[in-house]
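K.L.:
Quick one: this structure, given as structure tokens, is what I'll be asking you about.
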Amino acid sequence: MALDTSRREALVVVALCLAWYAVSSASNVVGKLVLTDFPFPVTVTMVQLLSIVLLSAPAFAAFGVRRQTDFPRRYYWRTLVPLAFAKFLTTICSQVSIWKVPISYAHTVSPLTELRVKFKYLCIGTLIIINIETNCTVAVKATTPLWTAGLAWVLFGERQSRGVQLSLVVIALGVGVASATELQFDALGLGAALAAAALLSLQHLYSKRVMRDTGVHHLRLLQELGRLALALFAPLWLACDAAALAAGAAPATGWARGAALLAADGALAWLQAVAAFSVLSRVSPLAYAVASAAKRAAVVLASLLALRNPAPPLNLAGMALAACGVLAYNRAKLRARGQPALPV
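Counted from 1, the sequence shown has number 264 at position 264 by UniProt numbering; the numbering is strictly sequential.
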């Protein structure tokens, strides 16, 4: 009976991961269309954050998601607000890393803003960036599982077996190779990218901890963090894009098509966030980081197919290496537990 329950849970996680990958790939393609037509990434980010806030309440009510937990005031300010602020810092670090190091292929990263003159294709959702140049940013983002394992050890004393550690290195190398055929390093940009990866790992760890400590439903946590992130991001939008939009800036093909693309992009960003938090609620932060790293390779593959980007052999080899790393991770976890491990 317990084995059947474990298998059912495994199938649910697999289905959620497949949905997560599919939505992320669709977001990647739609995001490119949005920013080609309407190169205002800060506004696109605001639409995506607004979508998380506005779509969550009616959708969760319709599907019977239990009401939000009343957080103690002290816990709210000591845990949730810093968690939302960490998301904001990830945005800033990602901005600096992309400013100093060109972006590579369609791939997911933390939300960020930009100087429009510097980057043309940039889409922020719960984690999306788009461009077709080569760099080290994606390779650095692929180290998220390593950061998650390291921080879990430092903060909570959680140790991983050698097999798991080796598989994480293989995944990071595979995604890095799949995402970047040329590495262009800049000290500030590399440092900012590493900081963003570390902050992203901290968000995984503490979001999971909030779920465990308070019993809050993971989708209600998403809704609350989205609301806080929107409040933090609004001043940045006012400083960057509000004046240009007030002066009459509009999508190149007109507001009818532009608004439709923005709405689709916002809805996909919300669905991606729902899928991501649903996965995080069912697996460990490390397993989630591995799934996220594998998703990067899946999004690169989707961009090659949907956007007809060139597919150098090195990129294909990197995707294969990342897939082998995920399989090795599952195998190592199975051996460590002595029972069927949940998929990542």
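The beta carbon of each residue, even a glycine, is placed where N, CA and C say it ideally should be.
Do three or more CB pairs link the region 258-276 to the region 26-33 at distances below 8 Å?
P.N.:
As far as the Cβ criterion goes, the region 258-276 touches the region 26-33, which means the pair count is three or higher.
K.L.:
Report the rounded CA-to-CA distance for Thr214 versus Leu236, giving the unit in angstroms.
P.N.:
As a working mapping, residue 214 is identified with position 214 in the sequence shown. As a working mapping, residue 236 is identified with position 236 in the sequence shown. When rounded, the distance between both Cα atoms is 31 Å.
K.L.:
Output needed for Leu219: all residues of its chain with C-beta closer than 6 Å, excluding positions within five of it in sequence on either side, in chain order.
P.N.:
For the purposes of this step, residue 219 is taken as the residue at position 219 of the sequence shown. The residues are Phe60, Val65.
K.L.:
Would you tell me roughly how many angstroms separate the C-alpha atoms of Gly176 and Lys295, rounded to the nearest one?
P.N.:
As a first step, residue 176 is located in the sequence shown; it is residue number 176 there, counting from the start. As a first step, residue 295 is located in the sequence shown; it is residue number 295 there, counting from the start. Looking at the two C-alpha atoms, the distance is approximately 12 Å.
K.L.:
Between the beta-carbon of Leu89 and the beta-carbon of Leu205, is there less than 8 Å?
P.N.:
Taking the sequence shown and counting its residues from 1, one reaches residue 89 at position 89. Taking the sequence shown and counting its residues from 1, one reaches residue 205 at position 205. No, the pair does not count as a contact, with Cβ atoms beyond the cut-off.
K.L.:
Let's see if you can read the secondary structure: which residues bound the alpha helix (DSSP H) around Glu224?
P.N.:
In the sequence shown, the residue the question calls residue 224 occupies position 224. Note, Glu224: alpha helix (DSSP H), 218-237.
K.L.:
Could you check where the alpha helix (DSSP H) with Leu262 kicks off and where it finishes?
P.N.:
Counting from one through the sequence shown, the residue named residue 262 turns up at place 262. First-last of the alpha helix (DSSP H) with Leu262: 255-282.
K.L.:
With a CB to CB cut of under 8 Å and the five nearest residues on each side skipped, what residues in its chain are close to Gly226?
P.N.:
For the purposes of this step, residue 226 is taken as the residue at position 226 of the sequence shown. Around Gly226: Leu49, Ile52, Val53, Ser56, Ala273.
K.L.:
Find out if the Cβ-Cβ distance for the pair Ala323, Pro145 is shorter than 8 Å.
P.N.:
Start at 1 with the first residue of the sequence shown, and residue 323 comes out as number 323. Start at 1 with the first residue of the sequence shown, and residue 145 comes out as number 145. Result no, Cβ atoms of Ala323 and Pro145 do not sit closer than 8 Å.
K.L.:
How far does the alpha helix (DSSP H) with Pro58 in it reach, from first residue to last?
P.N.:
Here residue 58 refers to the residue found at position 58 of the sequence shown. Looking at the DSSP string, the run of the alpha helix (DSSP H) that includes Pro58 is 41-62.
K.L.:
If you draw a straight line from the C-alpha of Glu158 to the C-alpha of Val47, how long is it?
P.N.:
On the sequence shown, residue 158 is found 158 positions in, with the first residue counted as 1. On the sequence shown, residue 47 is found 47 positions in, with the first residue counted as 1. Distance between the alpha carbons of Glu158 and Val47: 38 Å.
K.L.:
How would you write the range of the alpha helix (DSSP H) that Ala152 sits in, first residue to last?
P.N.:
As a working note, residue 152 is residue 152 in the sequence shown. Looking at the DSSP string, the run of the alpha helix (DSSP H) that includes Ala152 is 144-156.
K.L.:
Distance check for Val283 and Val12, CA to CA, integer angstroms please.
P.N.:
As a working mapping, residue 12 is identified with position 12 in the sequence shown. As a working mapping, residue 283 is identified with position 283 in the sequence shown. Their backbone Cα atoms lie some 11 Å apart in a straight line.
K.L.:
Are Cys17 and Val326 closer than 8 Å when you measure CB to CB?
P.N.:
As a position in the sequence shown, residue 17 is number 17, starting the count at 1. As a position in the sequence shown, residue 326 is number 326, starting the count at 1. No, the Cβ-Cβ distance between Cys17 and Val326 is not below 8 Å.
K.L.:
Mark Ser161 as exposed unless 16 or more other C-beta atoms lie within 10 angstroms of its C-beta, in which case mark it buried.
P.N.:
Position 161 of the sequence shown holds residue 161. Burial call: exposed.
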